[in-house]
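Note that numbering that gives the first Met the number 0 has the sequence shown beginning at 0, numbered continuously upward. Where a beta carbon is used, it is the ideal one built from N, C-alpha and C, also for glycine. As the structure is a computational prediction, the values presented were derived from the model and not from experiment. Single-structure report; data block below.
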Amino acid sequence: MKALVALILLVQLPIHKAVPAVPPAPLGCDDPESEAAAEVAVNYINGHSHHGYKFALNRIEDIRVVPQGPNNDIIFLELDLLETKCPILSPTPLANCTVRSFEEHAVEGDCDVKLQKVDGTLSVVASKCHSHADSSEDIHKVCPDCPLLARLNDTDVLETVSAALNAYNSKTTGPYLRLLEIGRAKIQYHPGHIVVTEFAVGATNCSAEEAKANVGACQLLPEDQSNFGFCTAALVKQPSQDLQVDCQLYGHQVPAPDIPSLSRPGVTYVHPGLDTSAGLVPSAVGVINHNLGLFHNNPVASESSSSEILRSKLSAKSVTKRAVAEAAQHDKVPRPVGFVPPPPPCPGKIRHFDI
């Protein structure tokens with residue numbers, strides 16, 4: 000009888016089923032983990048860019064995390080960047096670089112980046128970027144009289160750069176400088192005709208005095224001695240002629256060991272047989288800004304094709320739309336007075352301004 004009672008009691012006990020583990024909440028674009036991944040991505044992009052200027056993070060548009068196993072995640076990021084005033088050759092840390100204002104004719108970069116996080120360590124697997132200057136219409140709505148970016152091969156621009164570099168070399172007691180590339184230029188026509196340019200330079204193996212005898216013999220210093228710099232110049236053409244130029248050499252910079260020599264900024268845009276006297280590479284002719292145009296793909300990664308980045312982007316957009324629809328449905332539920340709904344996880348905050 001006791002055994003029968005015990006059996007009946009045992010049958011009546013609640014059966015506890017194993018509860019599946021709750022998956023972690025998706026990362027928001029402004030979460031610390033997202034910002035850490037974006038920092039790694041932006042540093043990588045600037046470290047592998049060859050032309051123009053450094054870019055700073057403006058907004059994390061989207062993030063998606065795909066678990067691969069224990070302590071192993073693939074992270075897809077969609078980033079909005081803004082051009083800074085620091086040339087890509089400048090040793091100035093990105094944190095100390097000023098983002099160009101909207102009125103200065105800002106340049107925006109759009110990047111899709113794939114990273115891998117293994118045991119807490121982030122590394123970039125693939126990336127795809129492009130950049131574009133804001134429209135002239137948008138600039139003139141805010142600042143009707145602000146000069147716009149000019150074509151890098153505009154006749155006035157080339158004339159100003161040539162005159163400025165000649166003027167600097169004729170007065171300096173340091174090394175003779177050669178033009179590497181023109182970074183930006185703007186032309187103002189009213190009330191005066193003024194051309195403002197920015198351009199990268201490299202020190203040669205000649206002094207400015209030696210160059211007067213045989214400038215053709217003056218070559219850029221070899222890689223282990225390279226000394227790059229940057230110049231700004233303004234040429235007033237009307238109502239009176241005036242030229243101002245200022246150049247700064249950065250000194251020899253030891254490149255990061257993880258960047259191959261052929262990918263280091265300041266090296267790849269001098270090609271054998273290419274006339275660089277105008278400071279222009281073929282991709283820069285007729286444009287107003289250097290396209291960030293970065294594409295990197297790690298062939299040894301398990302999922303490293305650019306199509307995967309695109310698929311992630313499309314998937315992320317569908318997830319975002321679904322989240323917006325769910326949020327709209329939740330908004331129909333009565334809320335207590337003073338209730339403030341939480342912000343959507345993405346896109347993140349704008350750090351500077353929207354273009």
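Beta-carbon proximity of residue i to residue j, cut-off 8 Å
| i | j | result |
| --- | --- | --- |
| Val214 | Ala232 | no |
| Phe294 | Phe101 | no |
| Asp133 | Ile354 | yes |
| Gln67 | Ile73 | yes |
| Val112 | Ser126 | yes |
| Ala35 | Leu114 | no |
| Cys145 | Pro346 | no |
| Ser130 | Leu248 | no |
| Asn45 | Leu93 | yes |
Among the options, the one whose alpha carbon lies nearest that of residue i
| i | options | result |
| --- | --- | --- |
| Pro90 | Pro343, Gly228 and Cys345 | Gly228 |
| Val194 | Lys185, Gly68, Ser206 and Gly201 | Lys185 |
| Arg177 | Asn290, Asp79 and Ala162 | Ala162 |
| Gly108 | Gln67, Ala36, Leu179 and Leu78 | Leu78 |
| Val106 | Ile73, Ala37, Gly51 and Val117 | Gly51 |
| Gln252 | Leu93, Phe75, Thr154 and Glu222 | Glu222 |
| Ala24 | His47, Val65 and Glu38 | Val65 |
Helix, strand or coil at residue i according to DSSP, with G and I counted as helix
| i | result |
| --- | --- |
| Pro66 | strand |
| Asn226 | coil |
| Asn57 | strand |
| Lys320 | In this prediction, Lys320 scores a pLDDT of 46, lower than 50, which makes its location untrustworthy; no coordinate-derived value is stated. |
| Val194 | strand |
| Leu157 | helix |
| Leu279 | Low local confidence applies: a pLDDT of 49 at Leu279 is under 50, so the model's placement there is unreliable, with the coordinate-based value given in what follows. Three-state DSSP puts Leu279 in coil, outside helix and strand. |
| Ser135 | helix |
6 Å Cβ shell around residue i - same chain, five flanking residues per side excluded
| i | result |
| --- | --- |
| Tyr43 | Val123 |
| Thr210 | Correcting the residue identity first, residue 210 is Ala in this sequence and not Thr. For Ala210, where only same-chain residues beyond five positions count, the Cβ hits under 6 Å are Tyr175 and Cys217. |
| Val41 | Leu56 |
| Pro281 | Low local confidence applies: a pLDDT of 48 at Pro281 is under 50, so the model's placement there is unreliable, with the coordinate-based value given in what follows. If we look at Pro281 and ignore the five residues flanking it on each side, it has no Cβ neighbours. |
| His189 | none |
| Asp241 | Val235 |
| His270 | Summary for His270: the model assigns pLDDT 33, below 50, so the residue's position carries little reliability, and this model does not support an answer. |
| Ala207 | Asn168, Thr171 and Tyr175 |
Check: residue i C-beta below 7 Å from any heavy atom of the ligand ATP
| i | result |
| --- | --- |
| Thr159 | Questions concerning the ligand ATP fall outside what the structure shown contains, since it holds no ligand whatsoever. |
N-terminal and C-terminal residue of the alpha helix (DSSP H) that residue i is part of
| i | result |
| --- | --- |
| Asn71 | Here Asn71 belongs to no alpha helix (DSSP H); instead the beta strand (DSSP E) covers Asn71 to Pro86. |
| Asp30 | That residue, Asp30, is in no alpha helix (DSSP H); it is neither H nor E in DSSP. |
| Val104 | Here the sequence assigns His to residue 104, which means Val is not the residue at that position. Segment: none, His104 is in no alpha helix (DSSP H) and carries neither H nor E. |
Cβ shell of residue i (< 7 Å), same chain only, five flanking positions each side left out
| i | result |
| --- | --- |
| Gly191 | Val235, Gln237 and Pro238 |
| Leu147 | His104, Ser135, Ile138 and Lys185 |
| Gly250 | Asn226 |
| Glu32 | Leu26 |
Enclosing beta strand (DSSP E) for residue i [first to last residue]
| i | result |
| --- | --- |
| His189 | Neither: His189 is in no beta strand (DSSP E) and is coded neither H nor E. |
| Gln243 | Asp241 to Leu248 |
Contacts around residue i, its chain only, beta-carbon distance under 8 Å, and the 5 residues preceding and following it disregarded
| i | result |
| --- | --- |
| Cys96 | Lys53, Ala55, Thr83, Lys84, Cys85 and Ser89 |
| Thr203 | Pro174, Tyr175, Leu176, Arg177, Ala210, Cys217, Gln218, Leu219 and Leu220 |
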